[in-house]
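In the numbering used here, the protein residues as written are 5 to 783. Glycine residues also receive a C-beta, built at the ideal position from the N, C-alpha and C atoms. Worksheet for the structure shown next.
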Ligand code: PEP
Ligand code: MG
């Protein structure tokens with residue numbers, strides 16, 4: 005390797021690959037550019053990308069730099085050669101003398117006889133291998149762990165490009181299966197149906213209750229606003245225009261739709277999070293897809309009007325998505341319709357359905373598309389009900405993030421609801437009451453009143469400290485996962501974030517976010533709590549948290565298996581990228597790094613070593629970060645409890661993760677309802693462990709906090725104070741209750757409860773004692 009380190013090179017290459025992806029929209033062109041770039045940056049003689057064919061056992065060479073150009077297209081079985089081995093063992097294959105490897109096989113067409121060293125890294129889509137990135141050198145070169153990490157990260161990036169391209173490709177193939185005539189008949193039929201069902205009459209159509217799927221909790225009572233579709237859904241009588249004019253109209257409309265999509269991505273990014281806004285990024289990819297554009301242009305060339313051509317192609321895509329087995333992909337029909345509608349709106353120069361609401365309204369629609377949600381008047385929309393769609397629909401995800409109560413999939417809704425209807429939308433139960441009678445209305449008005457009262461009580465207490473009557477102050481921070489939780493946490497008066505579970509933004513994606521993308525998310529969390537502590541926990545995947553795009557071996561005992569910190573330490577490429585991202589964000593606030601599932605001092609020292617290297621790298625690059633960033637560990641494994649004194653010397657703080665600590669201490673799966681009765685936070689072993697950790701931290705002058713669910717119960721918080729803890733991180737809606745309890749007791753009372761409980765020998769007696777204490781304290 006030349007002067008730069010493997011990781012630095014890899015990361016620089018990654019940044020360039022991101023730029024390449026943005027610039028090109030053709031898979032082949034992108035892959036060709038990637039192999040050239042990687043070969044150059046890694047100083048390798050050969051770099052190739054092989055993709056796995058649909059049969060799952062044939063690998064095809066798709067792009068190469070260094071092998072004969074004629075060899076592109078050659079195939080090999082996964083059972084042969086080192087590239088096949090990378091697929092078979094779902095892992096990296098590296099050797100400095102390939103011909104000596106037992107799996108080596110010489111492929112004549114590639115003319116690779118002079119190549120000695122081999123590094124093959126497979127990449128995956130939803131746990132299934134889809135290809136291999138291969139780097140080869142003529143000389144015997146031992147690939148360092150850092151180089152392997154770098155190539156692995158690049159392979160991840162490639163997997164997302166290939167997945168997206170494959171998706172579009174599979175749609176194309178499915179389209180071709182359909183005869184043109186059948187598609188035409190389908191389309192006409194569909195238009196007929198739309199015309200019938202899409203228009204409710206203007207009068208009140210009656211009353212009653214309809215049920216659908218509650219997709220966003222809460223309830224709303226109010227008048228409706230019916231969302232009518234623009235002309236794009238109806239049959240449009242197009243004026244005959246010369247083909248060239250139609251083509252230019254289409255190109256203009258496409259550009260407008262693109263700009264509009266970028267605008268919506270930005271708007272959603274501001275209102276919600278980048279992850280939520282990513283929906284529009286995928287729309288952008290389709291709007292820029294050459295195949296999609298070509299299909300429409302071809303139809304226009306054949307004399308079909310621009311409007312019809314767009315609708316026809318979009319319908320073919322929709323039909324292809326509808327036939328997909330995967331429910332998530334099936335839901336992408338709505339995205340495709342949305343894209344089509346945006347182009348058609350641009351063609352018509354219309355924006356019919358984007359009316360401003362004069363007062364609060366419940367939105368009624370046949371189906372809500374992501375752009376409908378993006379542009380709606382969020383301050384005035386109090387509820388949503390639609391005929392189509394379900395939990396997975398992007399519009400549903402957005403409604404939840406915006407906190408708008410919503411029910412989707414209400415059959416017959418538009419026939420029953422008129423412009424003067426009044427509705428109750430209950431997003432919890434999935435019920436929609438049309439013109440509800442006074443009793444139902446009264447009930448919902450009561451619920452609303454209670455809710456408002458609670459809100460007011462909450463607001464009163466929000467800015468007060470969690471301080472006992474004898475002056476002991478406790479910190480109450482929030483556990484958050486999605487960026488939308490930030491607002492909830494602020495609303496409930498959280499004094500910072502004690503646990504930011506970073507796996508959530510990773511979960512809502514189709515590939516690993518890069519360091520800059522991650523840093524932008526972490527920065528948002530920090531900016532949500534200026535001057536207050538924010539603990540960003542590194543990836544805690546495995547167990548019950550899987551990433552669709554991260555290959556995870558099938559394990560007998562996933563919670564005892566390859567999870568959490570173990571994955572981060574085995575996959576340094578991913579870990580370093582995350583550390584760099586957190587460090588980059590750390591300049592924007594009071595940031596702490598927290599590591600999950602630590603079992604001993606060795607792990608902490610190794611983490612600290614890696615962190616120092618990443619800091620050094622950022623320093624070299626002139627990047628700003630907080631050099632004093634706090635280091636915390638989760639104490640959630642019994643081993644960590646036993647060596648807590650040793651660990652306390654290594655870190656700045658502990659955060660006790662009782663959700664896991666209980667399961668590991670009591671050998672009791674936290675998700676298995678059958679063993680629920682054994683999963684007991686009051687087991688003396690659990691409480692003694694907490695006490696031991698609190699003492700170890702205090703002895704070393706460090707802070708111990710607790711971020712498991714257990715702290716959300718007021719009586720538990722009091723008990724935990726009695727065990728020595730002064731900081732809790734909890735689900736934000738529990739903060740006011742816990743604060744109220746702390747403000748109503750004295751530290752002396754909490755200490756007495758703690759001491760008594762520590763002397764008890766059974767969970768049952770502890771439970772009974774705490775129930776009585778709760779009553780006595782009026783909690
Ligand atoms: C815990 O284990 O207590 C914890 C807070 O982490 P998680 O629930 O994310 O495993
Ligand atoms: Mg945990």
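As assigned by DSSP and simplified to three states, the class of residue i
| i | result |
| --- | --- |
| residue 137 | strand |
| residue 551 | coil |
| residue 784 | As shown, the chain starts at 5 and ends at 783. That puts residue 784 outside it, with no answer to give. |
| residue 662 | helix |
| residue 231 | coil |
| residue 34 | helix |
| residue 218 | strand |
| residue 785 | Shown here, the chain extends from 5 to 783; a query on residue 785 therefore has no answer. |
| residue 594 | strand |
| residue 81 | strand |
| residue 624 | helix |
| residue 196 | At residue 196 the pLDDT is 40, less than 50, meaning the model places this residue with poor confidence; the figure from the coordinates comes in the next sentence. Residue 196: helix per DSSP, three-state reduction. |
| residue 4 | Outside the shown range of the chain, which is 5 to 783, sits residue 4, and nothing can be said about it. |
| residue 430 | strand |
| residue 600 | coil |
| residue 667 | helix |
| residue 72 | coil |
| residue 2 | Lying outside 5 to 783, the shown extent of the chain, residue 2 is not represented and no answer is given. |
| residue 45 | helix |
| residue 755 | helix |
| residue 516 | coil |
Spatial neighbours of residue i in its chain, beta-carbon cut-off 6 Å, leaving aside the 5 residues before and after
| i | result |
| --- | --- |
| residue 1 | The question about residue 1 has no answer, for the chain in this structure spans 5 to 783. |
| residue 368 | 228, 230, 389, 421 |
| residue 317 | 299, 300 |
| residue 490 | 532 |
| residue 773 | none |
| residue 482 | 493, 498, 501, 736 |
| residue 516 | 160 |
| residue 522 | 585 |
Cβ-based neighbour list, residue i, same chain, cut-off 8 Å, excluding 5 preceding and 5 following
| i | result |
| --- | --- |
| residue 605 | 647, 650, 651, 654 |
| residue 50 | 43, 68, 69, 70, 71, 116, 119, 138, 139, 140, 141 |
| residue 63 | 54, 55, 56, 57, 79, 80, 81, 82, 87, 88, 91, 135, 136 |
| residue 400 | 219, 220, 393, 394, 410, 412 |
| residue 609 | 654 |
| residue 765 | 688 |
Cβ neighbours of residue i in the same chain (closer than 7 Å, five flanking residues each side left out)
| i | result |
| --- | --- |
| residue 526 | 540, 585, 586, 589 |
| residue 707 | 657, 701, 731 |
| residue 371 | 338, 390, 391, 392, 393 |
Heavy atom of the ligand SAH within 7 Å of residue i beta-carbon
| i | result |
| --- | --- |
| residue 600 | No copy of the ligand SAH appears in this structure; the ligands present are the ligand PEP and the ligand MG. |
Ranges of the alpha helix (DSSP H) found wholly within the stretch 335-382, counting only runs of at least 4
336-352, 374-379
Just jot down, in chain order, the residues whose CB lies closer than 6 Å to any heavy atom of the ligand PEP.
503, 505, 544, 640, 661, 662, 663, 664, 711, 712
Between the stretch 545-558 and the stretch 580-587, do three or more beta carbon pairs fall short of 8 Å?
no
Curious, which full-length alpha helix (DSSP H) runs of at least 4 residues does the stretch 669-693 contain?
none
Tell me, please, whether the stretch 461-470 touches the stretch 740-750 by the rule of three or more beta-carbon pairs shorter than 8 Å.
yes
Is the stretch 610-619 touching the stretch 665-681, taking contact as three or more C-beta pairs under 8 Å?
no
Which ranges does the alpha helix (DSSP H) cover as unbroken runs of at least 4 residues, wholly within the stretch 256-309, from first to last along the chain?
278-291, 294-305
At least 3 beta-carbon pairs within less than 8 Å: the stretch 446-456 vs the stretch 681-700:
no
Quick test of the definition: if touching needs 3 or more C-beta pairs under 8 Å, does the stretch 553-560 touch the stretch 590-600?
no
Check whether the stretch 749-762 touches the stretch 718-725, counting contact only when three or more Cβ pairs, one atom from each stretch, lie closer than 8 Å.
yes
Under 8 Å: do the stretch 409-423 and the stretch 217-224 share three or more Cβ pairs, one atom per stretch?
yes
Mind listing, in chain order, the continuous alpha helix (DSSP H) runs of no fewer than 4 residues lying wholly within the stretch 521-583?
569-574
Would you check if there are 3 or more beta carbon pairs closer than 8 Å linking the stretch 442-449 to the stretch 246-256?
no
Count the C-beta pairs between the stretch 284-298 and the stretch 339-346 that are closer than 8 Å, then say yes if the count reaches three, no if not.
yes
Runs of 3 residues minimum, wholly inside the stretch 439-491: which ones carry the beta strand (DSSP E) assignment?
477-484
May I ask you to verify whether the stretch 529-538 touches the stretch 495-513, counting CB pairs closer than 8 Å and requiring at least 3?
yes
Say whether the stretch 568-581 touches the stretch 145-164, bearing in mind that this needs 3 or more beta-carbon pairs closer than 8 Å, one atom from each stretch.
yes
Cβ contact (3+ pairs, closer than 8 Å) linking the stretch 674-690 and the stretch 620-630:
no
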